[in-house]
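**Student:** Each residue of the sequence shown is one higher than the last, beginning at 1 in UniProt numbering.
Here a beta-carbon is modelled for each residue, glycine too, at the ideal position from N, C-alpha and C.
Bear in mind that the values here come from a model prediction, so they are computed numbers and not experimental data.
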Amino acid sequence: MANDLGIAFYITICCIFFIISKTILMILLYKRWKRKNTIYEHDFSGGKMVMFRSPLLQSLSSDVFLENTLKLSNKDIIGAGGYGTVYKLMINETMVFAVKRLNRGTTDRDKGFERELEAMADIKHRNIVTLHGYYTHPHYNLLIYELMPNGSLDSFLHGKSMDDKVLDWPTRSKIALGAARGIAYLHHDCIPHIIHRDIKSSNILLDQ
């Protein structure tokens with residue numbers, strides 16, 4: 001009996017040590033990943049800007065980006081909806097981004113929100129728009145995305161596009177399959193899984 005208790009105690013200690021070591025390793029790997037993928041974190045005008053590493057942003061000054069982002073006005077609006085307003089941000093006439101301002105109260109402004117965005121930064125998928133960074137503020141949040149030149153699917157389906165183009169059925173099928181692949185990747189292939197929660201035509205953006 002004494003030997004059995006000794007073995008059980010030894011196994012328990014080994015299991016606890018294994019769990020603790022794995023937890024520490026995961027924390028260290030996460031911090032290393034964050035340093036690798038984050039260009040800068042900058043406190044600015046009462047909020048925090050975080051940008052993720054990408055070839056597009058290597059030559060971009062953080063101060064220039066922050067100043068241009070916070071100067072956006074109504075003339076820069078390219079879309080609006082229940083969750084917020086989307087602006088077109090152009091820097092030096094060469095770099096163009098979409099900046100989505102989330103209305104107050106539409107999302108939790110906590111560490112959970114930031115962790116989900118940091119998970120999105122690691123996603124590289126042809127059917128998912130690239131997230132370049134975000135800005136958190138006590139009164140609102142900004143998401144900085146790759147700009148899709150043809151706008152949303154909603155604008156084509158409901159006659160709001162500039163050219164009033166009609167989508168033929170092969171094109172609609174291609175868009176539907178692309179959206180399905182992107183959503184399936186988020187829901188099933190990402191670790192941790194990311195649930196979209198707001199799938200609609202205005203959130204499906206077209207690149208060509």
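(1) For L177, count neighbouring Cβ atoms within 10 angstroms of its own Cβ and tell me buried if that reaches 16, exposed if not.
(2) On the three-pair Cβ rule with 8 Å, is the region 140-157 touching the region 122-131?
(3) Quick check on I24: buried or exposed, where buried means 16 or more other Cβ atoms within 10 Å of its Cβ?
(4) Distance check for M148 and D154, CA to CA, integer angstroms please.
(5) If you follow the alpha helix (DSSP H) that residue 220 is part of, which residue opens it and which one closes it?
(6) Does the structure place the region 74-92 close enough to the region 118-126 that three or more beta carbon pairs sit under 8 Å?
(7) How big is the Cα-Cα spacing for Y87 and G151?
(8) Tell me where the alpha helix (DSSP H) around L205 begins and ends.
(9) Thinking Y135 and T94 are a contact (beta carbons under 8 Å), I'd like their distance in whole angstroms, please.
(10) Between the Cα of K100 and those of L206, E67, Y140, spot the shortest distance and give me the residue it belongs to.
(11) A179 and I204: beta carbons closer than 8 Å?
(12) Where do the N-terminal and C-terminal ends of the beta strand (DSSP E) with L102 fall, by residue?
(13) Is it right to say M49 is buried, meaning 16 or more other beta carbons lie within 10 angstroms of its own, or is it exposed?
(14) May I have the straight-line CA-CA distance separating K200 from D207, to the nearest angstrom?
(15) Suppose the cutoff is 7 Å on Cβ atoms and the five residues either side in sequence are ignored; what does the same chain contact list for residue 216 look like?
(16) Among the candidates L117, F97, A98, whose CA atom is the shortest distance from the CA of S190?
(17) Compute the Euclidean distance between the alpha carbons of V166 and L186, then round it to the nearest angstrom.
(18) Short of 7 Å in beta carbon distance, which residues of its chain neighbour K34, apart from the five on each side in sequence? Order them along the chain.
**Tutor:** Put simply:
(1) exposed
(2) yes
(3) exposed
(4) 13 Å
(5) Limits of the chain in this structure are 1 at one end and 208 at the other, which puts residue 220 out of reach.
(6) no
(7) 12 Å
(8) Per DSSP, L205 belongs to no alpha helix (DSSP H) and is neither H nor E.
(9) Contact flag wrong, Cβ pair sits at about 21 Å.
(10) Y140
(11) yes
(12) 95-102
(13) buried
(14) 17 Å
(15) Since the displayed the chain opens at 1 and closes at 208, residue 216 lies outside it and no answer follows.
(16) Per the sequence shown, the amino acid found at residue 190 is Cys instead of Ser. For the residues L117, F97, A98, the minimum Cα distance to C190 belongs to L117.
(17) 29 Å
(18) Bear in mind that the predicted position of K34 carries a pLDDT of just 47, short of 50, making it too unreliable to give a figure here.
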